[in-house]
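Residues in the sequence shown are numbered consecutively from 1, following my numbering.
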Amino acid sequence: MAGETVLEVADLHKTFFIGFMRKRVEAVRGVSFEVKRGEIFGFVGPNGAGKTTSIKMMLQLIFPSRGNVKLFGDSTFNPAARARLGYLPENPYIYTYLKPLEFLDLCGQLTGMSKQDRIKRSDELVQRLGLAHAVDRPIGKFSKGMMQRLGFCQALLHDPELLILDEPFSGLDPIGRKDLRDLMLEQKAMGKTVLLTSHVLSDVEILSERVAILRQGKVVAYGAINDLLRPEVRRVEIELTDVSGELLAQLERQATHVRVLDKQVTLVSEGDDNTPALIKHAIEGGARVLAVTPHRETLEDLFVRKAVTESADRV
1 MAGETVLEVA DLHKTFFIGF MRKRVEAVRG VSFEVKRGEI FGFVGPNGAG
51 KTTSIKMMLQ LIFPSRGNVK LFGDSTFNPA ARARLGYLPE NPYIYTYLKP
101 LEFLDLCGQL TGMSKQDRIK RSDELVQRLG LAHAVDRPIG KFSKGMMQRL
151 GFCQALLHDP ELLILDEPFS GLDPIGRKDL RDLMLEQKAM GKTVLLTSHV
201 LSDVEILSER VAILRQGKVV AYGAINDLLR PEVRRVEIEL TDVSGELLAQ
251 LERQATHVRV LDKQVTLVSE GDDNTPALIK HAIEGGARVL AVTPHRETLE
301 DLFVRKAVTE SADRV
């Protein structure tokens with residue numbers, strides 16, 4: 001059902017004790033959020049923020065020091081609940097001496113798929129993810145991007161309801177990134193749910209409706225991306241041509257920044273209060289306006305503000 005909570009993370013903590021002196025390291029400190037059915041949820045933060053540790057607790061690869069996780073309203077201790085999810089780790093371990101279909105057949109057996117279903121689904125996925133040309137090649141001969149595509153195949157193999165993808169775009173070229181974005185959107189259209197971590201924030205912003213940003217083991221921003229981003233215009237770029245030397249000198253005194261490339265001039269104005277006056281002055285001076293582009297806050301701007309700038313301000 002739409003709106004149903006498929007993943008609930010409540011007050012998750014994880015403390016490690018490292019080395020001979022048992023140094024205490026708090027990797028995750030009270031992480032809480034919910035992921036709804038049919039959405040792509042962005043789970044982002046700088047290196048060391050606690051994303052992968054949190055994911056491993058969701059999957060029972062490690063156990064929390066405190067807090068709990070529910071899958072489809074059930075305990076993660078329930079094998080039936082865990083069987084409904086697929087996982088792509090940041091660095092997938094793949095038996096390199098196997099060929100792609102052999103590896104996927106092994107993964108299918110581990111998830112309890114019948115032989116017929118394993119063969120059918122494996123063939124579909126290697127075709128869909130562009131690996132059909134390499135089915136007779138040992139995986140050890142694959143590039144990093146091909147390995148990542150194969151890892152995505154195994155995550156999708158048993159047609160899970162929830163996909164947890166840790167840095168799925170790692171090592172992929174632009175075509176590979178687009179293929180994976182398209183696949184995630186296909187899964188969403190089918191009513192499936194995706195939790196996505198990535199340092200490629202432009203991809204997260206394109207795909208996700210809601211996001212949680214981690215910093216130092218804590219959630220510092222959580223909610224719908226449109227609600228979290230500042231709505232005001234941060235800067236405006238005005239592209240001009242036919243700008244005389246005299247007009248250019250005048251505009252340089254009015255604009256925050258001016259770029260000149262061949263016969264094209266770009267004016268940058270902080271905020272949008274000064275934009276009408278700049279355009280009017282340019283037109284009256286004989287220039288032709290090619291484009292006016294307002295720039296609002298992006299997920300990357302929000303990320304820097306919440307996970308970097310505000311952290312530095314507290315130091």
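Using N, Cα and C, we set each Cβ at its ideal position, and we do this for glycine too.
One thing to note: Ser269 has its Cβ within 8 Å of the Cβ of Ala255.
Assigned with DSSP and collapsed to three states, Gln264 falls in strand.
Where Asn226 is concerned, the enclosing alpha helix (DSSP H) starts and stops at 225-228. With distances taken between CA atoms, Val69 lies nearest to His13 out of His13, Ala291, Gly112. In the DSSP assignment, Gly86 falls within the beta strand (DSSP E) that extends over 85-88.
As the crow flies, the alpha-carbon of Thr111 is around 21 Å from that of Gly191. Below 8 Å, enough C-beta pairs join the segment 69-81 and the segment 6-20 to call them touching: three or more. Cβ contact annotation for Thr52 (same chain, cutoff 7 Å, sequence separation greater than five): Glu90, Asp166, in chain order.
Within the same chain, and ignoring the five residues on either side of Gln187 in sequence, the residues whose Cβ sits closer than 7 Å to its Cβ are Leu163, Val194. Cβ atoms of Arg22 and Thr15 stay farther apart than 8 Å, at about 11 Å.
DSSP, read as helix, strand or coil, puts Glu209 in coil. In chain order, Ser122, Val135 place their CB closer than 6 Å to the CB of Leu101, counting only its own chain and leaving out the 5 sequence neighbours on each side. When the alpha-carbon of Ile119 is set against those of His281, Met57, Gly48, Leu104, the nearest one is in Leu104. In this structure Met147 is in contact with Ile94, their Cβ atoms being roughly 6 Å apart against a cut-off of 8 Å. The beta carbons of Gly45 and Arg215 sit about 6 Å from each other, so the pair counts as a contact at 8 Å. When the Cα atoms are used, Phe20 and Leu185 turn out to be separated by approximately 47 Å. Your pair Glu239 and Leu290 checks out as a contact, with CB atoms roughly 4 Å apart and the cut at 8 Å. Assigned with DSSP and collapsed to three states, Asp159 falls in coil, not helix or strand. Assignment of Ala277 by DSSP, reduced to helix, strand and coil, places it in the helix class. DSSP links Arg259 through a beta bridge to Thr266. Here the C-alpha atom of Thr96 lies approximately 42 Å from the C-alpha atom of Arg305.
Around the beta carbon of Pro168, a 10 Å sphere encloses 16 or more other beta carbons of the protein chains shown; the residue is thus reported as buried. With a 10 Å radius around the Cβ and a threshold of 16 neighbouring Cβ atoms, Phe152 comes out buried.
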